[in-house]
Structure formats: C-alpha cells, structure tokens
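So the structure is just underneath, and the comments pick up after that.
There are 2 protein chains.
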Amino acid sequence: MVKRKSECPINYSLEIFGDNWTLLIIRDIMFFDKSCYGDFYQSAEGIATNILADRLRFLVSEKILKKLVSPKNKSKFIYRLTKKGIDLMPIVLDLVEWGTKYNRDSFPKEFMTWLRKDKEGLMKHYREKAKISLANLTP
Amino acid sequence: MVKRKSECPINYSLEIFGDNWTLLIIRDIMFFDKSCYGDFYQSAEGIATNILADRLRFLVSEKILKKLVSPKNKSKFIYRLTKKGIDLMPIVLDLVEWGTKYNRDSFPKEFMTWLRKDKEGLMKHYREKAKISLANLTP
C-alpha cells in the first residue's frame, strides 16, 4: 500500500493527479475523444514518452483508467475512464473555468459557451459518453 | 512572461498549482486559519523549508496570495488569499469531495457534514471570511 503524506482528502487527490501531466491526459480522454498512447503523445503540451507511459500506468493502477485491447486492432491498447475517473469531471471543469478567467485560452468556443450556459447538461452529456465508451468495450 | 506548454485553460491552472504542495498551502489558508510560514511548516504533510519558501514566492508572484506585514509583529509576514486565490475554492472543495469518496480522510467531521448539506453556504462563509481577512490588513 502507498504510504501517503497525510490522510487529508486534498492530499490524497493531489498525490494521485497533482502533477502537470495527469489531468491533461484525463482532459484528452474526457472531452477530446482521445484514447490511445499516440493520441496523448500528440497533444499540444508535448509530453515526453517516458512520462506518458509512467502516468498511464499509474492511472490504471489507481483505477482511474481502464486499459483495454482495441476492438479494431488487437495489437493496440486503448484507455477508458472508470467511474472513479469520470468523477473527476467537476475538478477538470473547475480548472477550465478558473484558467479561462485568469488567462487567455484555447478551448473550443462552443464548449465554453455550453459550459457557461448549462454546466449540468454538459457534465451529463460527457458523463454518459464516457460510460458508454467503457461499457462498449467491457465484456 | 512565463512560456506555457499550451494555452489550454487546464494547462494554465495546472502550471500554477499542479504540484503536490501548492494547493495544500491554499487549503491551510482557506479553511484552517493558517497565515504564516511557521503555520504552513507545521502541517501534517511535512513540507520542506526550501519548497515552502519557493511555493509561497510563486503564489505571491502569480497574485494568488498577498504577502503583508503582520499588524501584531512588524518583523513577521503573513499571507492572505487574493480574489484570484479565493476563486480556487470550488477546485479545493471538489478535491475534498473526490478524495473523501475514494479514500478515508481526516477532514473535521463538522466541516464534511456542512459541505454535504450546504456547499453553497459553506463557500459563502469561507469566501467572506477570506475577503475580510485581506481587507483588514490592506490599507
């Protein structure tokens, strides 16, 4: 078992995804239909291959992502969010809101309009989408 | 100006507090009435002095904290949340909720009961408290 710095729930959360990369991978799966190593590797931030491999392994071990064989290509793996991963959505959206308020941003305009007008509806949509993506691949 | 990895609002947010320590300092100021170097240093997670000094400097430079001379002791500095810092409250509370759901926790019971029953009320209370703490010290 992992020895944590403290039992504070914030500390637990931060030990899991409190690094620059982890939540960016989750963002890509959650909102941008990315699913495999190559997809994440191409993201604007330019994650290094060793860091990407390490973070994916960690997120799978923490049961935030599930690693599955691609149905289209049996030699390829794809990643899906678990329930625990989908539950990170409010945090990710709060980051979008705070980051947009205090810095210019590059999020799709339609997404931002939707988020401002109907956050609950947007969350429901992406939550359902993630659940279906996982269910379609789990035997 | 800081060169960012991308203009994604999530990336911006994570470049600012996407490390294990930054949001723990903010937690301490936001909810546990801590205000000075010695207070943060004593937190359960055991932050190293050089990391603490570095993170405080960074949070001040990003205008998330304001560094002020203590009115009680002119040779001592205290830190207060700015508006930009107070706006991190939804993120911090989402971390509490997610961390509590997936791990045992050590947050005060009364706080957790309040959060579950009336999140808006709790946020209003701590937001006001932070504003007053800052206003009391700003000439």
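Read top to bottom, the protein sequences are chains A and B. In the numbering used here, each residue carries its 1-based index in the first sequence increased by 176. In the numbering used here, each residue carries its 1-based index in the second sequence increased by 176. Virtual Cβ for every residue (Gly too), placed ideally from N, Cα, C. None of these values were measured; they are calculated from a predicted model.
Point to revise | Beta bridge counterpart(s) of Val-245(B) as assigned by DSSP | key: Position 69 of the second sequence, counted from the start, is the residue given in the question as residue 245(B). Beta-bridge pairing links Val-245(B) to Phe-253(B).
Practice item. Would you identify the three-state DSSP class for Ala-224(B), choosing helix, strand or coil? Key: The residue you call residue 224(B) lines up with position 48 of the second sequence. Three-state result, Ala-224(B): coil.
Review point. So, is the C-beta of Lys-242(B) closer than 8 Å to a C-beta in chain A?
Key: The sequence position of residue 242(B) within the second sequence is 66, counting from 1. No, no contact with chain A.
Check your understanding: Shortest alpha-carbon distance to Pro-247(A) belongs to which of Ser-211(A), Leu-271(A), Val-272(A) and Lys-295(A)?
Key -> Position 71 of the first sequence holds residue 247(A). Closest option to Pro-247(A), Cα to Cα, is Ser-211(A).
Practice item. Please say whether Gly-194(B) and Asn-196(A) have beta carbons closer to each other than 8 Å? Key: In the first sequence, residue 196(A) corresponds to position 20, counting from 1. In the second sequence, residue 194(B) corresponds to position 18, counting from 1. Yes. Within cutoff.
Point to revise | Residues of its chain near Leu-199(B), where Cβ-Cβ distance is below 8 Å and the 5 sequence neighbours each way are ignored | key: Counting from 1 along the second sequence, the entry for residue 199(B) is found at position 23. Closer than 8 Å at Cβ, skipping near neighbours: Phe-193, Leu-264, Ile-267, Val-268 and Leu-271.
Exercise for review: Could you tell me which of Glu-183(A), Ile-202(A), Ser-219(A) and Met-206(A) sits nearest to Lys-181(B), measuring between CA atoms?
Suggested key: Residue mapping note: residue 181(B) aligns to position 5 of the second sequence, counting from 1. Of the listed residues, the one whose Cα sits closest to Lys-181(B) is Ser-219(A).
Review point. Alpha carbon to alpha carbon, what distance is there between Arg-233(B) and Ala-224(B)?
Key: Counting from one through the second sequence, the residue named residue 224(B) turns up at place 48. Counting from one through the second sequence, the residue named residue 233(B) turns up at place 57. In a straight line, the C-alpha of Ala-224(B) is about 14 Å away from that of Arg-233(B).
Exercise for review: Tell whether a beta-carbon distance below 8 Å holds between Asp-141(A) and Asp-215(A).
Suggested key: Look at the range of chain A in this structure, 177 to 315, and you will see that residue 141(A) is not part of it.
Practice item. Would you mind giving the Cβ-Cβ distance between Phe-319(B) and Cys-184(A), rounded to the nearest angstrom? I have them listed as a contact below 8 Å. Key: Only positions 177 to 315 of chain B appear in the structure, and residue 319(B) is not among them; the question remains open.
Review point. Is the beta carbon of Leu-235(A) less than 8 Å from the beta carbon of Ile-201(A)?
Key: Position 59 of the first sequence, counted from the first residue, corresponds to residue 235(A). Position 25 of the first sequence, counted from the first residue, corresponds to residue 201(A). Cβ atoms of Leu-235(A) and Ile-201(A): closer than 8 Å.
Review point. So Ser-282(A) is in the alpha helix (DSSP H); what residue range does that whole segment cover?
Key: In the first sequence, the residue the question calls residue 282(A) occupies position 106. No alpha helix (DSSP H) contains Ser-282(A), which DSSP labels as neither H nor E.
Practice item. Give a yes or no on whether the minimum CB-CB distance between Asn-279(B) and chain A is below 8 Å. Key: Reading the second sequence from its first residue, position 103 is the one you call residue 279(B). It does; some Cβ of chain A falls within 8 Å.
**Study point:** Neighbour flag for Arg-203(B) against chain A, beta carbons, 8 Å
**Key:** Locating residue 203(B) in the second sequence gives position 27, counting from the first residue. Output row for Arg-203(B): interface = yes.
**Study point:** Glu-191(B) - containing alpha helix (DSSP H), residue span
**Key:** Along the second sequence, read from residue 1 onward, the residue named residue 191(B) stands at position 15. Where Glu-191(B) is concerned, the enclosing alpha helix (DSSP H) stretches over 185-193.
Review point. In its own chain, which residues sit with a C-beta less than 8 Å from the C-beta of Ile-227(A), not counting the 5 before and 5 after it?
Key: Reading the first sequence from its first residue, position 51 is the one you call residue 227(A). So the list reads Trp-197, once near-sequence residues are dropped.
Review point. Do you know how far the Cα of Ile-254(B) is from the Cα of Ser-309(A)?
Key: Looking up residue 309(A) in the first sequence gives position 133. Looking up residue 254(B) in the second sequence gives position 78. Taking the straight line joining both Cα atoms gives about 49 Å.
Exercise for review: Let me know if Gly-261(A) comes out buried or exposed under the rule of 16 or more other beta-carbons within 10 Å of its beta-carbon.
Suggested key: Locating residue 261(A) in the first sequence gives position 85, where the first residue counts as 1. Gly-261(A) comes out buried.
Check your understanding: So the alpha helix (DSSP H) Thr-258(A) belongs to, where does it begin and stop?
Key -> As a working note, residue 258(A) is residue 82 in the first sequence. Thr-258(A) -> no alpha helix (DSSP H), and no H or E assigned at all.
Exercise for review: Give the secondary structure of Arg-180(A) by DSSP, where H, G and I count as helix, E and B as strand, and everything else as coil.
Suggested key: Residue numbering aside, residue 180(A) sits at position 4 when the first sequence is read from its first letter. Note: Arg-180(A) maps to coil in three-state DSSP.
Practice item. Would you identify the three-state DSSP class for Leu-313(A), choosing helix, strand or coil? Key: Taking the first sequence and counting its residues from 1, the one referred to as residue 313(A) is at position 137. Note: Leu-313(A) maps to coil in three-state DSSP.
Practice item. Scan the segment 192-223 of chain B for residues whose Cβ lies nearer than 7 Å to a Cβ of chain A and list them as they occur along the chain. Key: Gly-194, Asp-195, Asn-196, Leu-199, Leu-200, Arg-203, Ala-220, Glu-221 and Gly-222
Review point. In the structure shown, what three-state DSSP assignment does Ile-240(A) receive?
Key: The sequence position of residue 240(A) within the first sequence is 64, counting from 1. Three-state DSSP puts Ile-240(A) in coil, outside helix and strand.
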